[in-house]
Amino acid sequence: MNAPGAGLWCLPEIGPDVPQSLSTDKEDQQRLAQFSLQLHKQGVRLLDQEFTTLKAAIAPQILNISHLRELGPQMLLPLHSCLAIETEGDARYITLRGCAESNLSVFSLKATVERLNQVQAGLGWYVTDAVQMSHAANLRLYEPSYFGTYAEMLYFYGAESDEEFAAMALEGEDPTPEDMAQFLEDTPITRARVVESFGGHAHLLGWGEPAKPVKASQIQWASLTPQDAKLLKAAQQFIRQAKKVSKLTAPFEERDTGADFGALAIIVWDDPDIGIEIMDAAERDSYECGEGAEIIFDLRADIDKPETWPALITAYKAQMGLYAQLCTFLRLLPEKEI
Numbered sequence: 000m001n002a003p004g005a006g007l008w009c010l011p012e013i014g015p016d017v018p019q020s021l022s023t024d025k026e027d028q029q030r031l032a033q034f035s036l037q038l039h040k041q042g043v044r045l046l047d048q049e050f051t052t053l054k055a056a057i058a059p060q061i062l063n064i065s066h067l068r069e070l071g072p073q074m075l076l077p078l079h080s081c082l083a084i085e086t087e088g089d090a091r092y093i094t095l096r097g098c099a100e101s102n103l104s105v106f107s108l109k110a111t112v113e114r115l116n117q118v119q120a121g122l123g124w125y126v127t128d129a130v131q132m133s134h135a136a137n138l139r140l141y142e143p144s145y146f147g148t149y150a151e152m153l154y155f156y157g158a159e160s161d162e163e164f165a166a167m168a169l170e171g172e173d174p175t176p177e178d179m180a181q182f183l184e185d186t187p188i189t190r191a192r193v194v195e196s197f198g199g200h201a202h203l204l205g206w207g208e209p210a211k212p213v214k215a216s217q218i219q220w221a222s223l224t225p226q227d228a229k230l231l232k233a234a235q236q237f238i239r240q241a242k243k244v245s246k247l248t249a250p251f252e253e254r255d256t257g258a259d260f261g262a263l264a265i266i267v268w269d270d271p272d273i274g275i276e277i278m279d280a281a282e283r284d285s286y287e288c289g290e291g292a293e294i295i296f297d298l299r300a301d302i303d304k305p306e307t308w309p310a311l312i313t314a315y316k317a318q319m320g321l322y323a324q325l326c327t328f329l330r331l332l333p334e335k336e337i
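The sequence shown begins at 0 in numbering that gives the first Met the number 0 and counts up one residue at a time.
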């Protein structure tokens with residue numbers, strides 16, 4: 000038997016958060032045009048060719064930055080940069096965004112870090128510090144500290160040792176030491192195996208006290224191969240510049256990116272298998288939770304406050320310059336085939 004009124008159509012009650020007017024599309028187009036001209040004024044040039052739409056003109060413009068032209072497309076890590084107008088509550092923003100793409104390169108640390116540490120104990124940690132600095136610089140990498148964080152969260156449930164992990168997993172079964180040993184042998188990802196996959200350097204995973212880098216003397220610098228000297232210099236420059244750029248971008252980082260995922264590259268010690276397994280689990284978790292997006296960085300300002308645009312554009316140019324520096328640095332590391 001059909002329910003009374005089945006098939007009738009009616010208007011639902013409109014909630015207070017639903018806009019009661021049509022989109023001001025012409026105003027948006029006008030704001031985008033004004034922003035494009037401001038970009039051009041500040042050195043992010045409109046390309047000298049014909050375009051049929053404003054969107055088609057702006058898309059290549061925001062990547063027309065000297066750092067990227069000088070580096071060349073073959074050196075750049077995958078990053079999709081775009082411009083958008085977004086609404087959040089009563090506020091409307093003009094947003095410059097960098098999004099993750101697929102087909103990530105995999106770079107290894109082992110050979111380079113060990114060579115540098117042989118020249119001077121601790122010299123190689125400049126390389127790992129630069130890799131870790133990428134997070135503070137809003138240029139996410141899937142790297143050792145990322146793997147350490149998600150291994151603890153998704154696999155070990157806060158256990159600080161394999162014995163504690165086994166006891167938690169077998170809780171209620173009154174396990175013997177032999178049962179726990181067998182469980183750890185049969186489990187693909189344990190704390191010991193994760194640490195081993197990163198050369199025994201637990202501090203790279205964020206487990207334990209960090210290792211401080213040590214400066215090289217002039218004699219030690221002179222003993223480096225040209226490739227290692229270039230890499231070490233690039234790492235140190237990235238660390239210094241990242242601290243400066245973060246001050247420029249901080250006022251425009253209004254969006255919480257804590258649940259976002261995606262990266263510019265994957266950084267492993269040597270064998271990539273465990274790191275990639277943790278990465279896959281972390282991305283699946285983010286997809287299933289539905290709380291994140293494939294966003295690397297997000298810089299935005301109030302669309303109705305054009306006086307803030309010059310500082311936003313300055314921050315974006317600095318962010319993309321830092322991205323170019325990160326690409327230069329990482330391309331000096333050995334790349335692995337997977």
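Each residue gets a CB set at the ideal place from its N, CA and C atoms; glycine is no exception.
Please list, in chain order, all residues of the same chain as residue i whose beta carbon is under 6 Å from its beta carbon, the five residues on each side excluded.
{"i": "D27", "result": "I84"}
{"i": "I265", "result": "L103, V105, Y141"}
{"i": "G261", "result": "A99, E293"}
{"i": "C194", "result": "First, the residue type needs correcting, since residue 194 is Val and not Cys in the sequence shown. So the list reads A201, once near-sequence residues are dropped."}
{"i": "P212", "result": "G121, W124, Y125, D128"}
Which value, in whole angstroms, describes the spacing of the CA atoms of residue i and residue j?
{"i": "L223", "j": "A55", "result": "47 Å"}
{"i": "A191", "j": "A58", "result": "47 Å"}
{"i": "W206", "j": "L82", "result": "38 Å"}
{"i": "A249", "j": "S196", "result": "35 Å"}
{"i": "K304", "j": "A90", "result": "11 Å"}
{"i": "I188", "j": "M152", "result": "13 Å"}
{"i": "W220", "j": "Q226", "result": "12 Å"}
{"i": "Q73", "j": "S107", "result": "19 Å"}
{"i": "R96", "j": "K246", "result": "18 Å"}
{"i": "L332", "j": "E162", "result": "36 Å"}
{"i": "I275", "j": "L183", "result": "20 Å"}
{"i": "E334", "j": "E253", "result": "35 Å"}
{"i": "Q41", "j": "I61", "result": "11 Å"}
{"i": "G88", "j": "T313", "result": "27 Å"}
Considering just the uninterrupted stretch of the beta strand (DSSP E) at residue i, what are its terminal residues?
{"i": "G198", "result": "First-last for G198: undefined, no H or E at that position."}
{"i": "L223", "result": "Where L223 is concerned, there is no enclosing beta strand (DSSP E), given that its DSSP letter is neither H nor E."}
{"i": "S65", "result": "From DSSP, S65 is part of no beta strand (DSSP E) but of the alpha helix (DSSP H) over 65–70."}
{"i": "S107", "result": "105–107"}
{"i": "Y156", "result": "Y156 -> no beta strand (DSSP E), and no H or E assigned at all."}
What residue range is occupied by the uninterrupted alpha helix (DSSP H) comprising residue i?
{"i": "L31", "result": "24–40"}
{"i": "F164", "result": "161–168"}
{"i": "R44", "result": "From DSSP, R44 is part of no alpha helix (DSSP H); its letter is neither H nor E."}
{"i": "G274", "result": "272–288"}
{"i": "G147", "result": "143–150"}
{"i": "G320", "result": "308–329"}
Given that a residue counts as buried once 16 or more other Cβ atoms are within 10 Å of its Cβ, and exposed if not, what is residue i?
{"i": "P380", "result": "No information on residue 380 is available, as it lies outside the stretch 0 to 337 that the chain covers here."}
{"i": "E69", "result": "exposed"}
{"i": "Y315", "result": "buried"}
{"i": "S133", "result": "buried"}
{"i": "R139", "result": "buried"}
{"i": "T51", "result": "exposed"}
{"i": "T111", "result": "buried"}
Taking 7 Å as the limit between beta carbons, can you name the residues of its chain near residue i, skipping five residues before and five after?
{"i": "L67", "result": "L75, M319, A323"}
{"i": "G147", "result": "L204, G205, W206"}
{"i": "N63", "result": "V43, R44, L46"}
{"i": "R114", "result": "D227"}
Within a Cβ cutoff of 8 Å, which residues of the same chain sit near residue i, ignoring the five residues on either side of it in sequence?
{"i": "A215", "result": "V118, Q119, L122, L223, L231"}
Do three or more CB pairs link the segment 154–161 to the segment 128–144 at distances below 8 Å? Flag = no, the segment 154–161 and the segment 128–144 do not touch.
Give a yes or no on contact between the segment 228–248 and the segment 176–185, applying the rule of three or more CB pairs nearer than 8 Å. Contact check between the segment 228–248 and the segment 176–185: fewer than three CB pairs, one atom from each, fall below 8 Å, which does not count as touching.
Would you check if there are 3 or more beta carbon pairs closer than 8 Å linking the segment 295–313 to the segment 28–38? Taking 8 Å as the limit for Cβ pairs, the verdict is that the segment 28–38 does touch the segment 295–313.
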